[in-house]
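**Student:**
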Amino acid sequence: MKKVFPVTPFPLLGEIVHECAIRSGLVSSNADEDSKLYADLKALKDDRKRPALRPAALPLEILVELESRLAKYTNSAMYANLTFSQIRRALEHYALTIGDADVTLLTREEVVEQILWPTMFSAAAASCLHPLDTIFHVTDLKSLLEDKAPFARFLKGLCVRGAADHRLIWSFRAERHEIDSENCEQTLREWLNGAYVPSLESCNDILEALGMSHDAGARQWVLVARLLAKTSLEHRKHILNRVMYEPTAPVTEQFHEIRKAVGWHAGTKLNIGADRPFGKIREALYRPDVPRDPFLIEEMLERQRVTWEPIADQTRHTLEWLWGRYLVLNARHGEAFERYQSAYKWGFGRDRDVVRYVVNEVAALAGKMGNWRAAEKYLDIASMYGQPDWDGNRELISDFFDRQFLPELHFFVGPPRPPLHGAATVGCPPPAAAEP
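Quick note: the sequence shown uses our numbering, first residue 13, plus one each step.
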């Protein structure tokens, strides 16, 4: 059965690269020559699947291939390199920023619409558009961003002779593709009124018909106009604000200010219980100087679960993580590993504690169990979104494990205790399923 993962509030790196590659037209699922790259993009789309696939890393080989395609299409290696330098910086900045952000209570829509588009997404888009507008000022960027049909506006601007150029385009396409000329004329009308956006192949026909197929500036703007046409007007307004006005604060600062405000507003609408032993559980599992009773920890974990029932899906990863850590400290590594995997699947892209704690702890646990494949892949994830606490040297795995799970924190392992609240496994309820 195919695993279904919960939707993360933050879009994952793979999702962003996949979306941009497909929307730009640089990659097509229908073209044979794109099959390998498309398969790579599809595999990259959800980073949570990577522990079962290949090592996670910022997709440099995919970005190199996409840059090569952009250079080939636009006849400008210089602009392609400039664009992808901005894209790489934006992706790295995004990864580090979301790795230090908590949006546990928020939905994907709230995060994308209220937090990311006003800040990081619009800033990244503006950083790519600024140099294009400076180097190849073929059209008016402000007008494209404001127009309800950006590509239609751009196409009208290319056709400086009006109807004469229109005739050139539809007659050229009719002859090249052996299509009825009336159909080609009707299709062009639909492009001009913004009803449809032409494919990249059809854009090539337009440029060739107008004698602009070797014009680097026109080819760059064709791609941009198509992307803007597939971007909502509300999102383009955010980009316009970035393009036209100097920001009042660094984008990261704006991001965190808005995130805190949106998160606070979401929290005020919740109705959760007042019994919240979370802080005491954390202290008992992380501080050797705190007196700890295993039975009390299990009781507090159950109390916290009851408290968080109204927000169970948003907090499931935290309970899975804390149960996992508790089980490690009781030398029940196999059960703990399942808990940590569940915590990662439910919490990745939602809670910064997954990057700060979970991925390092599960990497240490996997290495201690001799599961080097899992250890290395969780280490790669830690490298993508934060700072790993291990360099991958297998000889040092015991030191790494002891740093994550201090020896003085481990409980005395005695005879098995009866299940808590009818749990299927001794001392804790069964792991949460990965499906939402």
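Glycine is no exception: its CB is placed at the ideal position from the N, C-alpha and C atoms.
#1: Report yes or no: do the region 131 to 151 and the region 251 to 266 share at least 3 C-beta pairs separated by less than 8 Å?
#2: At the level of alpha carbons, what is the spacing between I28 and L75?
#3: Would Q266 and T131 qualify as a contact pair, given that the criterion is a beta-carbon distance under 8 Å?
#4: Quick one: what does DSSP say L53 is sitting in, helix, strand or coil?
#5: For W276, is the classification buried or exposed, using 16 other Cβ atoms within 10 angstroms of its Cβ as the cut-off for buried?
#6: Report the three-state DSSP secondary structure of W335 (helix, strand or coil).
#7: Please go through the same chain and pick out, in chain order, the residues whose beta-carbon is closer than 7 Å to the beta-carbon of L391, but skip the five residues on each side of it.
#8: Can you tell me whether E197 is helix, strand or coil according to DSSP?
#9: Which word fits N451, buried or exposed, when buried means at least 16 other C-beta atoms lie within 10 angstroms of its C-beta?
#10: Secondary structure at E447, three-state DSSP: helix, strand or coil?
#11: F5: which of T330, P306 and F307 sits nearest, CA to CA?
#12: Sorted by chain position, which residues of the same chain lie with C-beta nearer than 8 Å to L117's C-beta, five sequence neighbours on each side aside?
#13: Can we count L219 as close to the ligand ADP, meaning its CB is less than 7 Å from some heavy atom?
#14: With DSSP run on the structure shown, which of helix, strand or coil describes Q399?
#15: How would you label F298, buried or exposed, when you count the other beta carbons within 10 angstroms and need 16 or more for buried?
#16: If R364 sits next to D112, beta carbons under 8 Å apart, how far is it from one beta carbon to the other, in whole angstroms?
#17: Secondary structure at V150, three-state DSSP: helix, strand or coil?
#18: What first and last residue would you give for the alpha helix (DSSP H) that runs through S2?
#19: So which of R362, G361 and A378 has the shortest CA-CA distance to R337?
#20: On a CA-only basis, which of P419, I181, R185 and K380 is nearest E407? Give me that one, please.
**Tutor:** This is what the structure holds:
#1: yes
#2: Working through the sequence shown from its first residue, we reach residue 28 at position 16. Working through the sequence shown from its first residue, we reach residue 75 at position 63. One C-alpha to the other measures close to 12 Å.
#3: Taking the first residue of the sequence shown as 1, we reach residue 266 at position 254. Taking the first residue of the sequence shown as 1, we reach residue 131 at position 119. Yes, the Cβ-Cβ distance between Q266 and T131 is below 8 Å.
#4: Taking the first residue of the sequence shown as 1, we reach residue 53 at position 41. Reduced to three states, the DSSP call for L53 is helix.
#5: In the sequence shown, counting from the first residue as 1, residue 276 sits at position 264. Classification of W276: exposed, given that the 10 Å Cβ count is below 16.
#6: Position 323 of the sequence shown, counting from 1, holds the residue named residue 335. Helix, per DSSP.
#7: Position 379 of the sequence shown, counting from 1, holds the residue named residue 391. Cβ within range, chain order: A375, P400, W402 and G404.
#8: The residue you call residue 197 lines up with position 185 of the sequence shown. In this structure, E197 counts as helix in the three-state DSSP scheme.
#9: Residue 451 is absent from the structure shown; the chain starts at 13 and stops at 448.
#10: Here residue 447 refers to the residue found at position 435 when the sequence shown is read from its first residue. Low per-residue confidence applies at E447: pLDDT is 39, beneath 50, and the placement is therefore not dependable, though the value from the model is reported in the following sentence. Coil, per DSSP.
#11: Missing from the structure shown is residue 5; the chain here goes from 13 to 448 and no further.
#12: Start at 1 with the first residue of the sequence shown, and residue 117 comes out as number 105. Setting aside the 5 residues that flank it on each side, L117 is surrounded in the same chain by G275, A278, G279, L282, I323 and Q326, each with a C-beta closer than 8 Å to its C-beta; the list follows chain order.
#13: The model depicted lacks the ligand ADP and carries no ligand whatsoever.
#14: Along the sequence shown, read from residue 1 onward, the residue named residue 399 stands at position 387. In the structure shown, Q399 sits in coil (DSSP, three-state: anything other than H, G, I, E or B).
#15: Residue numbering aside, residue 298 sits at position 286 when the sequence shown is read from its first letter. According to the sequence as given, residue 298 is Tyr; it is not Phe. Y298 comes out exposed.
#16: The sequence position of residue 364 within the sequence shown is 352, counting from 1. The sequence position of residue 112 within the sequence shown is 100, counting from 1. Yes, they are in contact, since the Cβ atoms of R364 and D112 sit about 5 Å apart, within 8 Å.
#17: On the sequence shown, position 138 is the one that residue 150 refers to. If DSSP states are grouped into helix, strand and coil, V150 belongs with coil.
#18: No information on residue 2 is available, as it lies outside the stretch 13 to 448 that the chain covers here.
#19: Position 325 of the sequence shown, counted from the first residue, corresponds to residue 337. With distances taken between Cα atoms, R337 lies closest to A378.
#20: Along the sequence shown, read from residue 1 onward, the residue named residue 407 stands at position 395. Selected option, being the one with the closest Cα: K380.
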